[in-house]
Amino acid sequence: MGLAKRNLKIFFRDKGAVFFSFLSSLIVIGLYFLFLGRAYTSEFKNLEHIKEFMDNWIFSGVLGITTVTTSISALGIMVTDKQYKIYKDFYVTPIKRSQFSRGYLFSGFMITMILSLFTLLVAEIFIVVSGGSLLSATAFLKVLGIIALTAFANTSMIFWLVSFFRTSNALSVASTIIGTLIGFLTGIYLPIGNLPESVQWVVKLFPPAHGVLLFREAMTKDIIKKCFAGVPVQAVDEVKKIFGIVFEFGEHKLPLWMSVAFLLITGIFFFVLSSFRIRGSDEK
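Here the numbering used here runs 1444 ahead of the position in the sequence shown, where the first position is 1.
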């Protein structure tokens, strides 16, 4: 717990790290205002609430990628400690080494949670100011649960990835690449339904994309009924498929509980894998 508190203080003291953890999200929002919003809604101009639907859709994607990019920034502290051999100072204490791994993971999880909650707050303020409605109490609680789930899964996955890096510069390069690709791999820059079939499979097998799907379903569930009132059910289902609000494998629609299970398994798997990875590195 002491290591987690120390990491939290270091991270939030560095305003640059906090800002750059939001960079990919800010790019998505900027592109949405510049041209993505108009491009996505051009076919639905006659629908009265289309802007509110798209605002919720884009911010659900922003929430999803925030849980990835903030994890990278938060766990960068572990790489810095490794680079400058700071972690060796911790090993003279009576605390087990496995507890240090949990300390880094817990601090990464908490930082991701805090920044994701901040993102949700900003999203809701923006949507209301733009003439939309706040999430219902049920939807809001659901989004909070999804934030916790995706923060755990993505932090665990990034924790494993970060364990291979020995310098901050190398991690910075990887972070830039991930930040660039994440918008494509979660179907934000281009709706998943407009991607080639082979690429759609890659997206559907990418764990963070399932987090984005859960955010989209929760944040658009109410507005999509209002926006597409009177539209045939088949057409609404097609919109959900194109915009990644549901995933289909062949003719079968993926139940939401399977996305939840996939993220839980991903989080547990990568945490266990990381523990063995770090233990093996320490023994060398």
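For each residue, glycine too, the CB sits at the ideal point set by N, CA and C.
Under 8 Å by Cβ, that's how I've got residue i and residue j pegged, so tell me the actual separation to the nearest angstrom.
{"i": "P1635", "j": "G1688", "result": "6 Å"}
{"i": "V1462", "j": "G1505", "result": "Contact doesn't hold; Cβ gap of about 21 Å is too wide."}
{"i": "T1511", "j": "S1545", "result": "With 8 Å as the limit, T1511 and S1545 do not qualify as a contact, their Cβ atoms being about 20 Å apart."}
{"i": "L1629", "j": "F1650", "result": "5 Å"}
Count the other C-beta atoms from every protein chain shown that fall within 10 angstroms of the C-beta of residue i, then say buried if there are 16 or more, exposed otherwise.
{"i": "M1702", "result": "exposed"}
{"i": "A1595", "result": "buried"}
{"i": "Y1528", "result": "exposed"}
{"i": "A1518", "result": "buried"}
{"i": "I1668", "result": "buried"}
{"i": "L1564", "result": "buried"}
{"i": "F1455", "result": "buried"}
{"i": "N1638", "result": "exposed"}
{"i": "K1684", "result": "buried"}
{"i": "V1647", "result": "buried"}
{"i": "F1477", "result": "exposed"}
{"i": "A1679", "result": "exposed"}
{"i": "I1502", "result": "buried"}
Skipping 5 residues on each side, what residues in its chain have a beta carbon closer than 8 Å to that of residue i?
{"i": "T1808", "result": "The shown model of the chain, from 1445 to 1728, leaves out residue 1808, and the question about it has no answer."}
{"i": "S1574", "result": "K1495, E1496, D1499"}
{"i": "E1661", "result": "I1689, V1690, L1700"}
{"i": "M1557", "result": "I1591, A1592, A1595"}
{"i": "F1720", "result": "none"}
Quick one: what's residue i bridged to in DSSP?
{"i": "F1693", "result": "H1696"}
Which residue from the options puts its Cα closest to that of residue i?
{"i": "L1549", "options": "S1600, F1456, L1605", "result": "S1600"}
{"i": "L1615", "options": "E1641, I1668, Q1543, I1516", "result": "I1516"}
{"i": "I1591", "options": "I1668, L1657, V1646", "result": "L1657"}
{"i": "A1583", "options": "K1684, F1659, V1704", "result": "F1659"}
{"i": "L1579", "options": "N1638, D1666, I1709, F1553", "result": "D1666"}
{"i": "G1460", "options": "N1490, F1477, S1504, G1520", "result": "G1520"}
{"i": "F1706", "options": "A1483, A1597, D1525", "result": "A1597"}
{"i": "A1448", "options": "F1488, S1486, I1555", "result": "I1555"}
{"i": "F1562", "options": "I1722, G1711, G1508", "result": "G1508"}
{"i": "D1525", "options": "V1606, I1686, R1721", "result": "V1606"}
{"i": "I1709", "options": "K1685, R1721, P1652", "result": "P1652"}
{"i": "S1612", "options": "L1649, P1640, V1523, R1457", "result": "V1523"}
{"i": "K1489", "options": "H1696, G1711, F1672", "result": "F1672"}
{"i": "I1571", "options": "I1530, F1628, H1493, D1681", "result": "H1493"}
{"i": "I1530", "options": "I1712, L1480, R1610, I1569", "result": "R1610"}
Excluding five sequence neighbours on each side, which residues of the same chain lie with their C-beta closer than 6 Å to the C-beta of residue i?
{"i": "W1604", "result": "F1714, L1717, S1718"}
{"i": "L1698", "result": "F1691"}
{"i": "S1551", "result": "A1448, N1451, L1452"}
{"i": "L1491", "result": "C1671"}
{"i": "H1654", "result": "S1703, F1706, L1707"}
{"i": "I1686", "result": "P1635, G1637"}
If we cut at 7 Å on Cβ distances, does residue i have a partner in chain D?
{"i": "L1565", "result": "Of the protein chains in this structure there is only one, and it is not chain D."}
What residues in its chain sit with their C-beta under 7 Å from that of residue i, if we drop five residues either side in the sequence?
{"i": "V1587", "result": "L1564, L1579, F1659, A1662, M1663"}
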